[in-house]
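Everything on this sheet refers to the single structure shown next.
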């Protein structure tokens, strides 16, 4: 198996504290890739020989983005809902039913083309790992189909049958289905189970039933919590040792303290907060208290129609008072921790998967310094250089295959 030596790196973000501070940045650096793994990192003057030498021309390199919260398997368009929201109507979870109708009417091949196109666009923007949720099927056959299609592009599939209650059913009846035949059918394709613990979706008692059933089936736990109010989702996630609780817009002092004392990651979704005009989560308070945070896109057709992690990083810095180091760490190592894959991805150090993001800038500070600019110029995923010309040519239209 051939080795690759990457040189001409102005700044290497390793996320390895052995190299200093939060990001472990090395100036004038080099990286050796052996197969799909990182074999060596350090100063270019000390780089070992390799079979192939690639000069990156003085550009910055960081780990590939780890997007730990997406809803990529869907069909349909909710731009009218978005327009109404921008005109002053508040967000409610019921808009999800619009996407459910469109998704259930789409064929397997239509959905497959959509999710793969969206995945390619994300890769062309530097995202090398994604979690994908179900949740736009809401019955056993459809949820199983969505999980199967998601599993074609990621091993981190999350079963979100408990997204909203379908029309014509009561919550207790639907929760029984989610925790029974639906869970059994989806289980072969999923690594995680999630629940929307929120007003208009599922209350804490119903959410507990979903999570405990998932845990009994061997799935890891994730929670949508405290997006629209203090729903109890954060407290439940911490109590059950969920890997992540996502949104976290409305937190009490007790919620912040509980997260800081736990292993549960607070995954923040700034693009969604802009789209719904919800208040941003108290990111500064969470970090200062010692909580672990991640940033993710929440890519979906209703409230965050983007896969741009760079946009999320810039928003976190410019609107949520994170430092650039904190935001970049949260979008890489933080996402890996939210998926409990910190020993595999999210950093550049020997033994980890070789997921590298090369940007046409001398430093990661340019993500916030030049917001909205396309900086990605090269991506390595599992040691293979991605053909960005092919990926970036894919339409980013999320409404059709």
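In this note's numbering, the protein residues as written are 291 to 691.
Note that beta-carbon positions come from the ideal geometry of N, C-alpha and C, so glycine has one too.
Check	Outcome
Whole-angstrom C-beta distance between residue 638 and residue 328, which should lie under 8 Å	6 Å
Cα-Cα separation between residue 666 and residue 441, rounded to whole angstroms	26 Å
Cα-Cα separation, residue 559 to residue 323	32 Å
Range covered by the alpha helix (DSSP H) that runs through residue 524	523-529
Closest by C-alpha distance to residue 530, when choosing among 502, 517 and 611	502
In DSSP terms, what residue 316 is bridged to	302
Contact under 8 Å by Cβ, residue 562 with residue 593	yes
Helix, strand or coil at residue 499 according to DSSP, with G and I counted as helix	helix
Start-end ranges of the beta strand (DSSP E) lying completely within the region 426-458, minimum 3 residues	447-452
As assigned by DSSP and simplified to three states, the class of residue 324	strand
Length at least 4, wholly inside the region 337-408: the alpha helix (DSSP H) runs in chain order	369-376 and 386-395
Residues bridged to residue 420 (per DSSP)	357
Start and end residues, beta strand (DSSP E) containing residue 537	534-537
Three CB pairs or more closer than 8 Å across the region 535-547 and the region 391-400	no
Identified DSSP bridge partners for residue 629	In the DSSP output, where bridge partners are listed per residue, residue 629 has none listed.
Reduced DSSP category for residue 291 - H, G, I as helix; E, B as strand; rest coil	coil
Sub-8 Å separation of residue 622 and residue 330 beta-carbons	no
Euclidean distance between Cα positions of residue 620 and residue 528	19 Å
Given residue 375 as reference, the closest of 568, 349 and 321 once Cα atoms are compared	568
Residue 688 - DSSP class collapsed to helix/strand/coil	Residue confidence for residue 688 is low, a pLDDT of 34 falling below 50, so the modelled location carries little weight; the figure read from the coordinates is stated next. Three-state result, residue 688: coil.
Residues that residue 515 bridges to, as DSSP identifies them	487 and 537
Bridge partner(s) assigned by DSSP for residue 654	In the DSSP output, where bridge partners are listed per residue, residue 654 has none listed.
Beta-carbon proximity list for residue 520, same chain, < 7 Å, skipping 5 on both sides	540 and 542
Residues that residue 670 bridges to, as DSSP identifies them	646 and 675
C-beta contact flag for residue 417 and residue 353 at 8 Å	no
Paired residues, beta bridge with residue 583 - DSSP	556
For residue 290, the three-state DSSP class (helix, strand or coil)	With the chain running from 291 to 691 in the structure shown, residue 290 is simply not present.
Cβ separation of residue 484 and residue 430, assumed to be a contact under 8 Å, to the nearest whole Å	17 Å between Cβ atoms; not a contact.
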